[in-house]
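Notes to accompany the following structure.
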Amino acid sequence: MRAVKPVVSLFAFAAITLGAYAPNVVAAGTMQLKPIVTGTVHQALFSIALDGNTGVAVGAGGQIMESADAGKTWKQSAASVGELSFLGVAVNKDHAIAVGQQGQVFVRAQGKTWSKAETGTDNRLLSVSVNSSGVAVAVGAFGTVLTSTDGGLNWQKSSPEWINIMPQGEEPHLYVASADEKGVLTIAGEFGLILRSADGGATWKTLNKGDASVFAMHVRADGVGYAVGQAGSMLRTTDGGATWKPLTTSTPAILLGVTSSADGKVYITGMHDMLISTDDGSTWNHATNPEITTAWYQGITGSDAQILAVGNRGQIVRVKIN
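So the sequence shown is residues -27 to -1, 1 to 295, counted in mature numbering (1 follows the signal peptide of the UniProt record, and there is no 0).
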């Protein structure tokens, strides 16, 4: 049985090229990274979530950072959560959920302290999402899918029948989880898989399948969205994620995070690279900030007002296109 690899150390793949739409890629684009929080060389933050004034960032060694002023300032959580790493976090209204190693899930309801929820799995959980009604989905290693209807307090297994999707019997690692306001669940991961469920995880429909792992996804309210992954792979949707088309990029970098805003700005984080677009993906710039070329950033989130990213050295940075 293969071991799940950390997201930041995955190997390259055979890129999707057939039928790809090829946007223009400009050589350089300046970007300002303003550090808000900086840790030590041995620290790392893997995921960040922001909803209104509430922000949470999580990472190695059980680290939880919290903000109550829309990400302007951050403080270490005083909750006792152990030393297992958190790899994904979600915040929506009164719900906050953090997931990570050995199937751990911690929940913070209505701004109270963090408490552990039982999941019934010890597989690594890599991503989580929750909507304002408390419908949640978490995914991770070896095809693990968990769903909740009460903001993460209780979970049930909702994995697809993988043999019907992967005839060779693979149980793919899953890196992306999304629960929209209608309760529609979307998951993604290895082999370019993007799956969707409209019935709370009882059944799943395959929307995309390929070669490259999908590590991150963001779909806006207007239906435009992006999925990114191994060796510069990128997919785009204009219909809320029902269909996806590959885009060709000029970067071999592992792409780890993506977010976009209604004004057409798209931000993509990765290993020693960051891509930016100001025209909804028609053209792309490689950010030239020296910090980016020697570091990695993974989680990224924000709105039209501000974009925040997390990554190596426990950093939380504000991202701005100059």
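We treat Cβ as the ideally placed atom computed from N, Cα and C, and that holds for glycine.
As the structure is a prediction and not an experimental result, all values here were calculated from the model.
Using a Cβ-Cβ distance cut-off of 8 Å, the stretch 159 to 167 and the stretch 178 to 190 are in contact, since at least three pairs of beta carbons, one from each stretch, lie closer than that value. A direct Cα-to-Cα measurement between Gln5 and Pro263 gives close to 10 Å. Using a Cβ distance threshold of 8 Å, Leu126 and Val80 count as a contacting pair.
Collapsing the DSSP output to three states places Ile289 in a strand. Apart from the 5 residues on each side of it in sequence, Ala268 sits with its Cβ closer than 6 Å to the Cβ of Asn285 in its chain, given in chain order. Proximity of the stretch 34 to 43 to the stretch 52 to 67 meets the contact definition, three or more beta-carbon pairs being nearer than 8 Å. With a 10 Å radius around the Cβ and a threshold of 16 neighbouring Cβ atoms, His15 comes out exposed. The secondary-structure analysis by DSSP pairs Leu6 across a beta bridge with Val292.
The beta carbons of Val192 and Gly213 sit about 6 Å from each other, so the pair counts as a contact at 8 Å.
By the C-beta criterion, the stretch 115 to 131 is judged to be in contact with the stretch 81 to 93, since at least 3 inter-stretch pairs fall below 8 Å. Around the beta carbon of Ser100, a 10 Å sphere encloses 16 or more other beta carbons of the protein chains shown; the residue is thus reported as buried. In the three-state reduction of the DSSP assignment, Trp257 falls in the strand class, which pools E and B. If you ignore the 5 residues before and after Gly12, its C-beta comes within less than 6 Å of the C-beta of Arg286, Gly287, all in its own chain and listed in chain order.
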